[in-house]
Structure formats: C-alpha cells, structure tokens
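Residue numbers (this note's numbering), protein chains in the order written: chain A, 1 to 798; chain B, 799 to 1596.
Rendered as structure tokens:
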C-alpha cells in the first residue's frame, strides 16, 4: 500500500501532449486497420487501391477506448500498479490492438507484426480478414480476458478477476449498448460481494457515447443526475467526466482515475487495517465523449460524429467515391502519422516510451493470461470422502449423492486458503449451496457478504468466499473471470436454470476453443459446471424446473473443449470431480442429482468405471463369462435412469431368467460419439465390446432421448438403439410419476426390452402383464395416497 | 379518466377488518393447501393422518402476496378499474390459488373445486400432488400470465401486458430473489419505453421480505434510501411501506396503492391531454414485510418468521412430531377458520362479498386470458410484397431476403393502428431493426422512446411502437406479455444472440404446452422469433456472433408447440411469415439471413413449397420424369446451404452429366421427424417420395449437422444421410471462407456427392480435381485479395 505515489500529483502540459500523441497514434492505427491494405503509413497520397475491398470494423467506440488506455498507461507508470483492461465495447477491437501494438506486446507475441513498416502493414492487412484476426476484442488480443461480442459480461468478468487478487486493479469499460443488457444491469450489485480487505478492485468506467448501432441508449440519454443516483443506490460513487475537447477531457479523466485510485486504496487500507467497514462505496467513472470522436464530423452533409452513424465505418464506398477517399486521407493525416512513425516505419521511440514496462503493460499482464500464474489445485485424496459401499451389495444403500462433493470442496477450500484469508478456489451457486447438499463448504468458509448481517443469519461473512447471488449470469460470469485469471472453481446450479446462462457457457467454449490454438495463452482451469436438482427430481418444484437442455446446447460445440459427465452415484461423482478439478481448458458439465439415490460402486470400482467412460456392470447382468452373448443390452446414463434400468434388469432377471441381459452404464457421454468426432469417442472396438454390433439396446438416458441418437450416428446399426429419456412431460408430482410420465419407468423399460430381445423367453407374458398392471395401479395409487407405491419408493437392488 | 373515485378517500376501520378477514382466509387456505389432505376446515382436532405424506410448497412469500391481492381487490371495487396481478414470487402458488378461490373464479373454471367443504378438500388435495396442480403460480392459475419458476421476467411480462392497453393497470410483484437476476435488473428501464398516452400502467411492488432460500438478498439488506435512489435513477418514484403489524401495514399499503393510482392517472391525463411530458416518473412501491408473516415465529427454538427459514415449509415432520402438529393446529386456528367458512363449508358470504365482480376479479380478467380478447390480425395480401422472380431463371437474382418482411410488417402496423395511435401488433428487436433489413416498419411508426430526442435522431418518438432495447431478455419478455394479453408480434434477433434468452423461449414453450391442455385458456398468437444475421453470414462480426444453437434448444421440446422454418428466399419467407402470424399457441422459429441472397421461387411456387414443407426442385435436378431414379439425393435447408447445394448440383450437372441428381429443399424442419413424433412429420410415403428409401443423400444444413441426425432417427436407413452443417468453425472472414471452414462449400458437397453416388460417372475425376484445386486456390486467393474468388462471389444459378 506504500506505492501511492503519483496520485493527486499534477498532470503537466507536457504529459498531456505526450498522451494526446499516443492517442493520435492509436486512433491512426485504428483507422488504418479498418481501411488500409497498403500505403499504411501514408507515405504517399492515398489511392483507391490502398483501400481494402471490404470495410469491416467499428470506429465509434474506439477513440474513447484508446483514451482510457492512454491515461491508464500513465497512471500505471506513476503508481507502479497492476491493471488489466476489460473492454466491454468489444467492437473496439482495433483500438485495443492498436494500443497493445504501441506498447510492444503485440509484436512480442506475434513477431510477424513487427515494429516497422512491414509490421504496420501486416497489422492492417490481418484485421478482419481471412487468416487474420477478428474484428472484435478477442482471445487473440493480448491482455484480454473478455471476448467482445455478446454483450453483458464485462463487469462480471472484471469482478471474477478481482476476487482474491488483492493487488489487482481492473478497469472495466462498459459501453452504451451493454449497459442496457440484463447481465450487466445485475452486475452493478458487486459492492455487496467484493471484499476490500482481500479482493482487488474494479473500476467501472461507464463509457456513454450516447448511441448503439442505430439509435440512442437509455443511460446515454438519461441525465447524469439520474445515472449517478442509479449507481449510488448500488454502492458506487460516480465521478462524471464529459466533453468533446480532448485536452479538457484528458485532464478531467486523468483526475478521475487518480481520485478513484486514491478512494480505492483508502478503502482497502481501512479494511486491511482491520476495520469493519460499513456502507462500503467504490468509485466509478461515468465518461461521456462523442461517438466516433475525432472522426469525420459530417459525411455527405449528415452529422456523423457524436451520433449512431459513427458506429461502424463512417466513410463508406471509399474505393469508388473520390470525395470520401479524400476525406479519409484528411482524417488520417489529422493524426500526423509523420510524427508517429520514424523513418523505418517504427513507432517513434518517444511514443513507445509512454507505455509501462514489462508485465505492467496491460497487454502483457500475467493476470490476463491466467495460465501463467495458475498453480495446481492441491486436491485432497478423494478416498477421504468416499462413501462406504459394500461391493457385495451394490444399489442397497441410499445417499444424497452430491454431499460428498460438498465435503471434498470444503477441504479444497481449506487446502487453498492462505494465511491472510485469500485463496485460489471458489464455489459459485445461485442461492442453492445448501439446497444442492454442498453445505459442507460452510465448515471452511462462509458466503461473501458486505451488507449488514443479522444475528439469525447463517454462514455469512465479509470474508466469506462462497459466492451466492440469485443470478446464474453473475455466478457463471464471475467464475469465468476467476478462471481466466488463473484460479479454480465450480459453478453449481439447478439443471433447468443453467439454461439462463447457456449463451455464456457457449461463448466460453468458443473462447477456450480459440485459446487452445494460441501457444502464448497458457492453459487455464476448466469451467466446471455442476447441474443438480435435475429434471427427474424436481418433482416437487414442477415443470418450469425440469429441463435437461444444457446437454443439447453443449453437444454440438468444440469437441476439444466440451465434456459431459453423468456419474450415477457418489463415488463416481468424486472420481469425476477429481478429474475435472485437475483438467484445463475444458468445459465440464457434470449432471447428477442431490436427492437420496441408490449407491452402487466402491471408490475403486468408481475410479475404474470413470476412467473407462462406460463399462458393463456384470453384477447387474445375467450374461455370464463364456456364456451366450446377450439377447438384449440394457444401457443407462445418469442417476435416475440407472436406477430405473437396474430395476428393469431385476424384473427381467426374476421373470425371464433365461434372457441374457447385459447392463452398461455410461459416465462419459461424449464416448458415444465416433472417435473421429470427439477425442473421448470410444474406439469401434470398445464400442462393440460394450454394445455389440447388432443386438438391440434399450437405453435409459438422463436427457432428451434424441440427443443420444445425435451422438450415435455413425455407429454400427445405430437404429437398434431405443432410447428412453426426458420427453418434456412434467409437473409437480412424485418422483416415480416423473419416470412414468416420460415412459422411462422400470416397467416401460422392461416391456421394451422384452419386445426388442432376440427371442421371446419364458415368463415374458407374465412380465408384461405385471408391468402393465403396475402402470395401471400407479396413477390411482398416488392420487389416493399422494405418494408413490411402496414397492417403487423403497426399491433396492438385491 | 373520470373513474378516479375512492382514491384518497378514507380507509375505514370496518374496511380494514374486512380486509384482514379476507387475508386470514387466504392465509388459512394457503397453509391448508401445503399441509392438509383431510379435516381441511379443522372441524375436528388435527391428527397425523390429516397431514399430507409429502409437504411441498412455499409459505414464506405467501402472506405478502395475499395482502397485496386483498388491498388490490378493494381498490378495484372502489375505482372500477381493470387490474391484472403478476406474481413474480411464483413460489407463492397457494396464495394466488387461495385468493382466486375466495373470489369465486377458481370454482367457475374448475367446478370440482367447489365452494363448499368438498371443494376445499379438493383444493387442498390437488395442490402439489400427482394429477393435481403445480406448487407454483402456473398456467393453471386463473388470472396468471406468468409462470412462477425461472425468476427474472415478472416486470417484462407486466410491461408487455401494459403496452397498447391504455386502460389496464398491471400490479407486478417482484420478490427478493428475482430482484437479483439479470433480466429483472434490466427491466427497471421500462419508463424509457412506456407511453403514458397510449399504454397502460405498471405498478411495480418490490416485495422485500429480506431473504431467498437460505440467505439474505442484496435489495433486502440494502437501506431503503439506496433502494429509492436506485429506482429513482431509472424513472420510478418509490413509496416505502414497511412493518410487521398487519393493521399498520394494511393501512399504509392501501394508501400507497391509492397514491400510486392517483399518480398514474395524473401522468396519463397529462399525456392524454396532449402534453409532451418530460422527465416521466412512474410510482413504484417498496414493501417490506416479514417472510412467513403470521406463521410460526420460532420452531424448535429457532427464529423462523422474518428469516430464510420461513421460505418453504416452516414446520416439518408434522406427521411424526406431535409438537409440530400441535403448533400447526394453533397456527391454522389463529386464522379463525370457523369465521371463514359457513356451515356447509363454503367461504362466508361476507368474505366473498369483498371481491370485485365478474371480469374485474383479477382471476377472471380477460386481459390475463388473452385469447379471449384477441382479434385476428388483419394481414395484407402477401402478393403486394412478393419479390418478382423470373420462374425461368431461379437463382439468377439477388436480394436482401428479410426486406420483404419489413415491408409486410410496415403494412401490418398500418392495418392495426387505431385512430388514437394504439394497435395490436409490435416488432421487438434488440437494436437491429435496420441492421436486419426490417427498416421499412419505420415508414409506419417509430421506435418507442420517452427520453430526450435529439435533432439528429432517426425514427424515434414517444408514440413509436417499434421496441428496440439492447436486451434480448427485454425484447422477448415484452413480446410474451404482449401475446399473452391477446396481441400479435415478432421478435427479431441476431441468430447467435437469441441464445441469450433461450431459457425464456423454452419456458414459454412449456407454458403453451400446458395452456393447450386447458380448454378455458383461449388460444393466443404464436411467439414468432426471427433468427437473422445468421452464423454463415456473420462473417464480418466473427465467431462470437456465429451460433445456430437455438435450433438444437427447441427441437426436443413439445411437438405441439415448436415449429422451425428455414425459408431459402424472400417469397418463401413471406409465405412462412404469413402462416406464422395467423397461427396460435406455437413458437415459430424462422431462420433466414438478411444479406443479399439468391432468390429462387415465385410467390406461387413459394406458397406451394411452404405448404408442402419440402419439395423436389425439378429445375435444379438432372432427374427427369419417367427417367432413372436418382443416383444421389441433394438436400438442403436454409439459405446459404441451399446456395451451396445448388452450386454443387450445377457442378455435378456440368461435369458429370450422366449422374441423376435430385435436389430437395426443406423449409419445415420438423417434417423430418417421424409423424408419430411431430404433427408436421412427413408421412413415410412422403418422406420416401422426397428422399427415396435407400439412395444416399448429401444434406446441406443451416445448423449443426447432428441436429439433422437427431431428427432422422427412425427414418428408413437413416445412416445414408450425410449432413454438412455448421461445425463451430468461424472467425471474421469472408462469406465463402465460412462455408469452406465448415466443409459445406459447393466443392465439399460435390466431392461428397460423387463419393456417395450409386455409381461413378464419367467426369468424376475431373470434377474431383477441379473441386480440390478450387479449395486449394481459395485460401491463398482471399489472403492475397482480402475478398472471395469472383467465381464464387458472383456465382448465380443458370
């Protein structure tokens, strides 16, 4: 905390003019990236053939982003602090690329984009072109942990980066458009969760240039008084900076950053000194500058600067319109390129000298390349949490499956908590840690909470590090930011409501997919998503809470990234979790319910089973080694389907003992995909060793049944798989009624197995009659007794 | 506006005590629904066997919801106004059911739940039980347009109901949990869009009881001063009501509702009198009452009332715990059931008399059963917008496909706009109406906007009725509310970002699925979702903007509700839109791009094609009537896939003229499902007439390829379908590079067709060489020229 030099000190005219020069350089390179394929230093008059054939890019937000970068650079040099920069208006890709080029990080990472004329040409030609770089701030952008594209997540990513990084300052620019979104609107609640004693700081910069793509925005047209009230009501003290005169805005913004920094450090010092700070308030900056600032003021007689018309490419048709071409040249020369570049075409040393050095450059910050600072998670031995399952009596005991994961995570918290209360692991969960039976974590830490605490509250503390807020967006986004800055964690959610943030998970898969291809991006911990309170066992909450669609949302995405796990019991869950917590650069979807479920495997058996991805459960099959090959394969994936499938196998065993059955349990869903389509895809040999190549297979599946068909295409005789899964039938009812409604009950499965078996065994008639009569009985029984028939409620494998 | 009687008038002690009696009745029935299966009027001492075996339900929020209902009832009687009630804390299902039972609507709709002891018993036994009703406010609940389940959408549904309903008041209760969500947080921006002159009013009631399921909430623990600032900054004047003394809270809340009503009417009168009201402010109520108010104060020595412990069932194990049983009885008797019910077990006439009458009862409001007030949309003849396509030259012209829909909707706006500027149709679109080429609507109306307007703005007006806000959540949710109250509309979005609100669409499908089963719910207009700016043509925006996953998200849902349309060109889009705007109770996903695309069909041909769902395009096939059956089937669905498939067909025709090809275009994706699985599923006969039963088929598909396999399972020899689709490969690049990256280019398709055809025709070698050389050339060409090769860029069918 002793490094508070520079703050409050004068911003000299020389410094201002240096900064304006950096800014001109950044703006010049931004325009050049959008427009030029040649003559990139304007060393000759601009001609049509210098212009790219397709003009792609967003100018509007860029000058503001570059100004912020400029001032932050000076601030970093003065204070010797660590900052990262989240560019919410990710459209401004060329602006951030320009500044990271000026500071030198770009060329260090991408040597072909060298610091000379050839490099500038490469910089321009690669932008928004095939084989080049995307138009938005992206995984390719040095210093970025935030994809510019789908809007809404700037502030949650910033928050995630700040948690448990006490020395980090996160500048988070939020644009007009993003400020209208749901996730961003919710994320202003951060002061209720950010701990000034142990976390870093987030400095939101609400950058209002007033417009989105073709119209104004709500905050852009809301009077500053109201915006200030809005922020103040959520724990932010807003500083307004507004104007269109660069010198004035630079001075004011520089002061605003300084003041913010002083306020942050003062708050942190109080909290770190042991004071219990009440009514925490963090600084935030409301910055109003014109959209397309310093660009063409009018085009074809129409006002552009300061309006939505500056959003993308303000001068179009430049190749064919000599007037526009001339205007572009005038615009570009207004930045005095001859002063920006030296004779070799390198950025002038006087400009480059303004950047911070080494890892303090925002494009080079190790915080924003989290794999560089990531440490392995010190995982306790899972044997300590294993459920005691009698290997001679699988399926005879009942346990709330997720409890063991809570105990495992409790000790991960303990193993990673530092002496001063920080750490490298967090659990994020809407408001359901207890409900999801993960409450053991509260033995190690509490929920993070900076607002008042009442005597009757449980597990709530300013120093708590379990993150609960009733927003899947916030939970998931915070975790993303936490992981991308090198830490570890898990997002636990009600299965159905994970769809609320499905698009965020999809965008993160896209990020990891591209990050994977960049060697300079060190691997980060996987995004682990626990889907619990699943469709089958939200019998008490009803249809809105019943939906296994996240599986379908992830199946088509990058096979390099996506993993879907369906552990059937506690010990398999432990084994899978242990694997997922070690893995990097994946998105692991773990689907398992929290209610009491049958427990099948010892830890050893579970480890072996999970490593295989799927195996034959001999103890449940009537197939005998060296005996006849199966007449029917009974497969299952997921806890409730496994239970029903086993009950069906038992019915078959007892009623049709001559039928040879084989029970297969699948834990690693992606194993069903052909090996060419997914690295986990079971080899043809393995697939056939499980499912044969021609015997019919009854498959009880946790999710929508056709998802399995989607995966099985390409497997031998895929039509022989008869999948029962969630058929989107639900309401508030009993657990067994759920499987009946969706025709996945033991009786449905047994009926289907008899029908599809290679021959009709003795006892088939009786079995069919029994199944049908049970199904008939079921409904009238539950309507009368308001609970399930005892024979299904209390059923165990034996 | 003359009906402002009663507001500000005294709330007498008699009235207060009447209201408290209604409230006691509602609370009694709430507890009874959660706990009792018998002895529901407590006419004998409570015994264990009267208690349900499973205790499911949420007590915590219920007393507050019931108090609000009570006071609104009196307000409606006094002012003779139309209100509907949105219960954001939908957990409080039993509370809303109780009040609709007390007011008589419940028994009118469900006669078996009669107004006598048998009816009360049925009411209790049906709650949260199989064959009964869900535990949450749901589609079964009279007067509801809002499913209690996934939180976040109360205020957007309320807003949608209020748009264009000038006489309607929408009470919107927002609970603690919901207030933390993203969508709800964003929806406070409503005052920027709600027009006091032409729209109805929304009265938000932020009901803070301080806790969610197991902890406090941010607004629940935020000082009222801050909450007030937060709301004020967004255009709401908050009135606080807080306390735990029922008499005091009832008086205060009654006054708050009165004051709010007066403020609303005053604002509306000013606006409706022609005044341009600046700085519009709407009233909102912040209500703080204890969670589980009037319930058990302590249980087993632990504080329950006012804490998270009152969330669900405050007394558990009542069957086995005599103390809890006694406490339950004491609690229930505290509501004096003997005064609520008459000797026959009917609700006392003095209580029932407090309800408004007829359709003014909130459970009976026609506004909340929108199909009852819905009028057919007066659709102009689509021939007026048809694109002139030469039937002799399909695929020879180019047009921005979605433009015709903009023109169509412009005239729908015109046809539905009333003399005073209201209407029954709205377009909702993040900020992309122009970008999506739907801008013609602005010839009929402007964007809705109540904030300041600048001289350089386009198409912005307080009376505008195009809804643009950069939030898919708001757009989609507003439209849901608009449709459920009997109107019509369309939500247009960038394809990838529709995933942002995927969970909302899924929940709406669930709503319609259940509504469909209830005869008393009159059909409402379908939710029409236009997915444009699609994955293939977001070449300029990059990977984050490229994702066809909405298709996968909808496929597994209710076949009664879900329709997916892939029109290949303008006239098919017109035909499909025309159909969708007439349809009811569906969710129509229409996937079509906005960029210039080849146009194939005349309107007549398009109408025929769309009615068929899929047809053979003879003009593009080399198959001749009476000739040999095809050697290969070339199928396509979606605009870009159709173009590439046709280009491949042309390559085959030109290079391998002896090969008999058949081109099939699919518009109605659900036609691929077996008819048993979807009402649109093509019959076996039709399917074979299109695809044969054994010839291999190359299928170019808009979305992820395995989605087609998911649909085709169960069709004859489904393995012979070779689908090329989006493979999750993307970046900022050229349009043709996108199809190359995803291996769906004409060259890939032609190569695959030759490989899969029944025989190897002359010319196959040359064709393969040509395709491979073109693919080789492509990448180096675009890297050099920064645009696509002219032969693909300028390709036309001929």
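Glycine included, each C-beta is placed from N, C-alpha and C at the ideal position.
- Close CB contacts of residue 1579(B) within its chain, under the 6 Å cut and outside five residues either way in sequence, are with 1587 (chain order).
- Remark: C-beta atoms of residue 1384(B) and residue 1301(B) do not approach each other more closely than 7 Å.
- Nearest to residue 90(A) by C-alpha distance, out of 39(A), 79(A), 145(A), is 145(A).
- Between residue 469(A) and chain B, the shortest Cβ-Cβ separation is below 7 Å.
- DSSP places residue 1100(B) in the strand class (E or B) of the three-state scheme.
- A residue is called buried when at least 16 other Cβ atoms come within 10 angstroms of its Cβ; residue 1557(B) does not meet this threshold and is exposed.
- At a cut-off of 7 Å between beta carbons, residue 973(B) makes no contact with chain A.
- If you draw a 10 Å sphere on the C-beta of residue 266(A), you find fewer than 16 other C-beta atoms in it, and that means exposed.
- Within the segment 221-253 of chain A, those residues whose Cβ lies closer than 9 Å to any Cβ of chain B are, in chain order, 221, 222, 223, 225, 226, 227, 228, 229, 230, 231, 232, 233, 234, 235.
- Boundaries of the beta strand (DSSP E) harbouring residue 171(A): 168-175, taken from the DSSP string.
- In this structure residue 1156(B) is exposed. Its beta-carbon is surrounded by fewer than 16 other beta-carbon atoms within 10 angstroms.
- For residue 151(A), the chain B residues whose C-beta falls within less than 8 Å of its own C-beta are 1268, listed in chain order.
- Scanning chain A for C-beta atoms nearer than 8 Å to the C-beta of residue 1505(B) yields 556, 710, reported in chain order.
- The Cβ atoms of residue 723(A) and residue 708(A) sit closer than 7 Å to each other.
- By the C-beta density criterion, residue 9(A) is exposed, having fewer than 16 other C-beta atoms within 10 angstroms.
- If you ignore the 5 residues before and after residue 1344(B), its C-beta comes within less than 7 Å of the C-beta of 1294, 1333, 1336, 1528, all in its own chain and listed in chain order.
- For residue 853(B), there is no enclosing alpha helix (DSSP H), as DSSP gives it neither H nor E.
- Within the segment 1226-1245 of chain B, contact with chain A at the beta-carbon level (separation under 7 Å) is assigned to 1229, 1230, 1232, 1233, 1245.
- Residue 185(A) has its alpha-carbon roughly 9 Å from the corresponding atom of residue 155(A).
- Closest by C-alpha distance to residue 1426(B), out of 1454(B), 1459(B), 1402(B), is 1459(B).
- A straight line joining the alpha-carbon of residue 153(A) with that of residue 22(A) spans about 29 Å.
- In the three-state reduction of the DSSP assignment, residue 460(A) falls in the strand class.
- From the beta-carbon of residue 500(A), the residues of chain B found nearer than 7 Å are 948, 1301.
- For residue 297(A), the secondary structure class from DSSP, reduced to helix, strand or coil, is coil.
- Distance between residue 67(A) and residue 250(A), taken at the CA atoms: about 8 Å.
- In the DSSP assignment, residue 1460(B) falls within the unbroken beta strand (DSSP E) covering 1459-1464.
- Three or more beta-carbon pairs separated by less than 8 Å link the segment 1312-1327 of chain B to the segment 1284-1293 of chain B, which places the two stretches in contact.
- Scanning chain B for C-beta atoms nearer than 8 Å to the C-beta of residue 217(A) yields 1268, reported in chain order.
- At a Cβ-Cβ threshold of 7 Å, residue 1032(B) and residue 869(B) do not count as neighbours.
- When the Cα atoms are used, residue 368(A) and residue 169(A) turn out to be separated by approximately 12 Å.
- With a cutoff of 7 Å on beta-carbon distance, residue 470(A) and residue 1045(B) are scored as not near each other.
- Taking a Cβ-Cβ cut-off of 9 Å, residue 1550(B) has no neighbours in chain A, whose nearest Cβ is about 15 Å from it.
- Rounded to whole angstroms, the separation of the alpha carbons of residue 318(A) and residue 1002(B) is 51 Å.
- Around the beta-carbon of residue 635(A), 16 or more other beta-carbon atoms lie within 10 Å, marking it buried.
- Annotation: Cβ neighbours of residue 719(A) in chain B (cutoff 7 Å, chain order): 1516.
- In the DSSP annotation of this structure, the continuous segment of the alpha helix (DSSP H) that includes residue 981(B) starts and ends at 980-985.
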